[in-house]
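S.K.: Numbered by the numbering used here, the letters in the sequence shown go through residues 328 to 506 in order.
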Amino acid sequence: MLLQDEQYIVRWLTQYGPLTKTQVIRLLQGKPPKTTEKIISNLKQQLMISEISGGDYLGIDHMDKPDQRMISAAWVLLRFMEQVEPMAHYPAPYPSQIFFLKNSIGYEIVVLYDGEQHLTRLLQPDEDLKYIIVLPHIEMARELVLPKAPCLFATVDHNGHDEPGITFYSGDDLHGQKQ
Numbered sequence: 328m329l330l331q332d333e334q335y336i337v338r339w340l341t342q343y344g345p346l347t348k349t350q351v352i353r354l355l356q357g358k359p360p361k362t363t364e365k366i367i368s369n370l371k372q373q374l375m376i377s378e379i380s381g382g383d384y385l386g387i388d389h390m391d392k393p394d395q396r397m398i399s400a401a402w403v404l405l406r407f408m409e410q411v412e413p414m415a416h417y418p419a420p421y422p423s424q425i426f427f428l429k430n431s432i433g434y435e436i437v438v439l440y441d442g443e444q445h446l447t448r449l450l451q452p453d454e455d456l457k458y459i460i461v462l463p464h465i466e467m468a469r470e471l472v473l474p475k476a477p478c479l480f481a482t483v484d485h486n487g488h489d490e491p492g493i494t495f496y497s498g499d500d501l502h503g504q505k506q
């Protein structure tokens with residue numbers, strides 16, 4: 328029988344695929360480093376999870392390949408984890424990556440790359456749903472056709488550190504840009 332934190336890790340890695348070790352640790356929300364290392368070590372000993380890419384990532388199967396789009400979405404989710412229950416986030420329907428609940432409001436994280444601006448037309452806004460659109464550069468927001476729902480924008484700067492820098496922008500921050 329797995330402990331609750333072990334169940335969370337297995338569920339997250341099953342849902343999202345491989346995540347960075349730092350992300351898995353952060354998803355455990357404030358557990359002491361020794362505790363998280365012991366949890367991860369126990370799961371590896373039980374062959375429930377494996378190291379991938381030389382230990383940079385953790386996954387259910389050592390043959391899994393990390394999805395960089397999901398990795399970026401998970402970094403954005405982590406910015407909200409103090410206000411999100413451990414089991415209140417899920418894979419979202421395409422083209423979104425992750426859905427989560429925060430204060431009874433649903434959020435979908437959508438990671439777009441250059442040339443994928445058209446994918447915002449596939450979003451199906453619902454009442455009480457907001458979007459966080461993750462872009463490689465904020466100038467790309469000019470080229471988006473936005474859904475009729477509140478949108479927040481973010482950029483994820485993988486600067487070579489364990490955790491990337493994430494910058495959030497509201498529609499007001501983009502004034503002067505065509506929306």
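Just so it is clear, CB atoms sit at the ideal spot from N, CA and C, and this is done for glycine as well.
1) I think Leu428 touches Ala415, with their Cβ atoms under 8 Å apart; what is that distance to the nearest whole Å?
2) Using DSSP with H/G/I as helix, E/B as strand and the rest coil, what is Ser497?
3) If I'm right that Val438 touches Gln424 with Cβ under 8 Å, what's the distance once you round it to whole angstroms?
4) Please classify Ser399 as buried or exposed, where buried requires at least 16 other C-beta atoms within 10 Å of its C-beta.
5) CA-CA distance, Asp394 and Glu454?
6) Taking 6 Å as the limit between beta carbons, can you name the residues of its chain near Pro477, skipping five residues before and five after?
7) I need the DSSP call for Ser399, collapsed to helix, strand or coil.
8) Kindly indicate which three-state DSSP category Ala419 falls into: helix, strand or coil?
9) With DSSP collapsed to three states, give me the class of Glu435.
10) Would you please state the rounded distance, in angstroms, between the beta carbons of Phe426 and Tyr417? I believe it to be under 8 Å.
11) Return the first residue and the last residue of the beta strand (DSSP E) that Asp332 is part of.
12) Return the residue from the list Leu330, Thr347 and Ile465 that minimises the CA-CA distance to Glu378.
13) Got a sec? Which residues, its chain only, sit under 7 Å from Lys505 by beta carbon, not counting five neighbours each side?
14) DSSP has Val351 in a bridge; who is on the other side?
15) Throw me the rounded Cβ distance for the Gln444 and Leu479 pair, which I believe falls under 8 Å.
16) From this set, Pro463, Tyr496, Thr363 and Met375, which residue's C-alpha is nearest Thr341's C-alpha?
17) Straight-line CA distance for Tyr335 to Ile436?
18) Starting from Glu378, trace the beta strand (DSSP E) both ways and give me its first and last residue.
19) Who are the Cβ neighbours of Ala268 in its own chain at under 6 Å, not counting the five residues just before and after it?
M.R.: Walking through what the data contain:
1) Indeed, because the Cβ distance is near 5 Å, the residues count as touching under 8 Å.
2) Three-state DSSP puts Ser497 in a strand.
3) Correct: roughly 6 Å between the Cβ atoms.
4) Ser399 comes out buried.
5) A direct Cα-to-Cα measurement between Asp394 and Glu454 gives close to 29 Å.
6) Around Pro477: Lys457.
7) Note: Ser399 maps to helix in three-state DSSP.
8) Looking at Ala419 - three-state DSSP - the assignment turns out to be coil, as it is neither helix nor strand.
9) Strand at Glu435.
10) That belief holds up - the Cβ atoms of Phe426 and Tyr417 are roughly 5 Å apart, short of 8 Å.
11) According to the DSSP assignment, Asp332 belongs to no beta strand (DSSP E) but to the alpha helix (DSSP H) extending over Gln331 to Tyr343.
12) Nearest C-alpha to Glu378: Thr347.
13) Any reading at Lys505 is ruled out, since the residue's pLDDT is 35, under 50, leaving its predicted position unreliable.
14) According to DSSP, which records beta bridges pairwise, Val351 is partnered with nothing at all.
15) Gln444 to Leu479, Cβ: 17 Å. No contact.
16) In this structure, Met375 is the residue among Pro463, Tyr496, Thr363 and Met375 with its C-alpha nearest to the C-alpha of Thr341.
17) Cα to Cα, Tyr335 sits roughly 20 Å from Ile436.
18) Its beta strand (DSSP E) spans residues Ser377 to Ile379.
19) No answer is possible for residue 268: it lies beyond the span of the chain, which begins at 328 and ends at 506.
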